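108 is the number that full-length UniProt numbering gives to position 108 of the sequence shown; each next residue is one higher, with no gaps.
Structure record follows, encoded as structure tokens.
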Amino acid sequence: MANLSRHGTRLTRSANGRGTPVTWAGIRGVIMDRITHGIYPPGSLIPTEQEFAAEFGSARATVNRALTSLAERGVVERRRRVGTRVVLGLEPRTQQVSLPVFRDLVEERGGRFSFRFLGPVERPVPAEVQERLFQSDPQDIVEHCTLICSDDTVICAERRWTDTSALPALTEEVMTSTTANEWLACHAAISLCEQVISARRAGEVEADRMLRCPADTPVLVYDSTLWIKTQPVSRTLHCFAPGFEMDRPIG
């Protein structure tokens with residue numbers, strides 16, 4: 001069985017030819033690498049499940065799960081009797097997405113912006129986050145927490161997971177001097193911001209302690225995933241203090 005390796009877009013085999021079982025996330029990662037590097041350009045048909053299964057030495061069901069995951073995120077389009085095609089919307093953009101920043105939001109409302117970087121969080125990376133970032137290696141994902149303030153009052157608790165292999169320059173040293181939100185807006189060519197807005201209980205998103213409110217308090221949550229070209233690089237939960245009104249997207 002093949003030992004799947006994200007080395008460029010190739011597959012390698014172990015010396016004894018046995019290797020480790022191929023996972024659907026690993027297959028998805030190789031397909032994404034090929035899309036990113038133009039091997040599968042926008043609009044093109046990619047190999048069939050059967051062809052991928054033969055190449056990777058895996059079951060077709062494993063390949064199907066990888067392709068289904070990509071289709072659910074809008075990376076590929078699957079049609080019966082036609083095949084799986086890379087969506088046209090993945091062409092490199094000539095302009096990056098403008099990412100709103102908290103500093104502007106606070107100052108436009110007449111407040112004094114500040115933040116408190118709480119540092120990294122030592123806990124396992126949720127499987128949901130790995131899925132959102134298309135990342136099979138949790139060691140590449142780091143969670144940091146930050147408090148966003150207006151006139152020294154906390155208005156938002158930020159939980160951010162960053163794929164350090166995709167954003168190596170976004171270090172803890174950087175985040176002590178500026179927010180990740182502002183750094184990304186200025187230094188990263190963000191091509192897409194996926195965002196879901198919902199009301200959640202503060203304890204459900206582990207923001208109750210940061211916001212200093214009861215765990216069952218309803219809070220507004222912006223759940224954002226930022227992309228650079230065809231790669232998701234950061235997933236963030238912005239949990240707003242009870243009563244705070246938000247009137248724009250944020251990333």
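Note that the Cβ used here is the ideal one computed from N, Cα and C, for glycine as well.
Values in this document were obtained by computation on a predicted structure and should not be read as measured data.
Same chain, Cβ closer than 6 Å to residue i, five either side skipped, listed in chain order
i	result
I250	P100, Y222, H238
S69	R28
S198	V221
V106	F113, S150
T176	F117
R60	E49, A53
S58	V22
T236	R160, S224
T62	W24
Status (buried if at least 16 other CB within 10 Å, exposed otherwise) for residue i
i	result
D208	buried
T230	buried
A53	buried
T84	buried
C186	exposed
P232	buried
I39	exposed
A2	Caution is warranted here: a pLDDT of 47 is assigned to A2, below 50, making its placement in the model unreliable, and the coordinate value is therefore given only provisionally. Looking at its Cβ environment, which holds 16 or more other Cβ atoms inside 10 Å, A2 is buried.
G26	buried
V196	exposed
A189	exposed
L226	buried
L167	buried
T153	exposed
T94	Any reading at T94 needs caution, since the residue's pLDDT is 48, under 50, leaving its predicted position unreliable; the model's value is listed next. T94 should be labelled exposed.
Of the listed residues the options, nearest to residue i (C-alpha basis)
i	options	result
G111	A185, E204, I155, A59	I155
D140	F113, L170, A66, L220	L170
W183	R103, V121, D137	R103
P242	M32, T217, T236	T217
S44	R78, E55, A66	R78
R123	I190, F244, H144	H144
P214	R200, T225, S224	R200
L192	V97, E51, W24	V97
V121	E194, E172, P41	E172
I228	W24, V22, H37	H37
residue 253	R73, G203, V142, T23	Coverage of the chain is limited to positions 1 through 251, which leaves residue 253 absent and any answer about it impossible.
S234	T23, L118, E158, L147	E158
residue 304	E55, V22, V87, F115	Residue 304 lies beyond the residue range present for the chain, which begins at 1 and ends at 251; the question has no answer from this structure.
P42	R109, L88, N64	L88
S224	E204, N181, R212	N181
F56	R81, V205, R80, T23	T23
V86	I46, V63, T62	I46
A66	T236, V30, R80	V30
Other residues of its chain near residue i: CB distance less than 8 Å, five sequence neighbours each side excluded
i	result
M32	L70, V75, F134, T230, Q231
D151	G111, R112
T48	G83, T84
P138	P124, V125, Q130
V219	A199, R200, R201, A202, V205, A207, L211, C213, C239, F240, A241, P242
D247	none
V142	P120, W161, T162, T164
F244	I155, C156, L220
R109	S150
Chain-order list of residues whose beta-carbon lies under 7 Å from that of residue i (same chain, five-residue window excluded)
i	result
M210	C145, L147, A157
G203	A215, D216
G174	Per the sequence presented here, residue 174 reads as Val, with Gly not at that position. Excluding sequence neighbours, V174 sits near W183.
N64	E49
Proximity test, residue i beta-carbon vs the ligand ATP heavy atom, cut-off 7 Å
i	result
L226	Of the ligands one can find in the structure shown there are none, so the ligand ATP has no counterpart to examine.
- Tell me, please, whether the region 162-178 touches the region 125-132 by the rule of three or more beta-carbon pairs shorter than 8 Å. The count of Cβ pairs closer than 8 Å, one atom from the region 162-178 and one from the region 125-132, stays below three, leaving the stretches out of contact.
- Item | Length at least 4, wholly inside the region 73-134: the alpha helix (DSSP H) runs in chain order | If we require 4 residues or more, the alpha helix (DSSP H) runs fully inside the region 73-134 come out as 102-108, 127-132.
- At which residue ranges does the region 165-241 contain complete beta strand (DSSP E) runs of 3 or more residues, listed in the order of the chain? As far as the region 165-241 is concerned, its whole beta strand (DSSP E) runs of at least 3 residues are 192-201, 218-228, 231-240.
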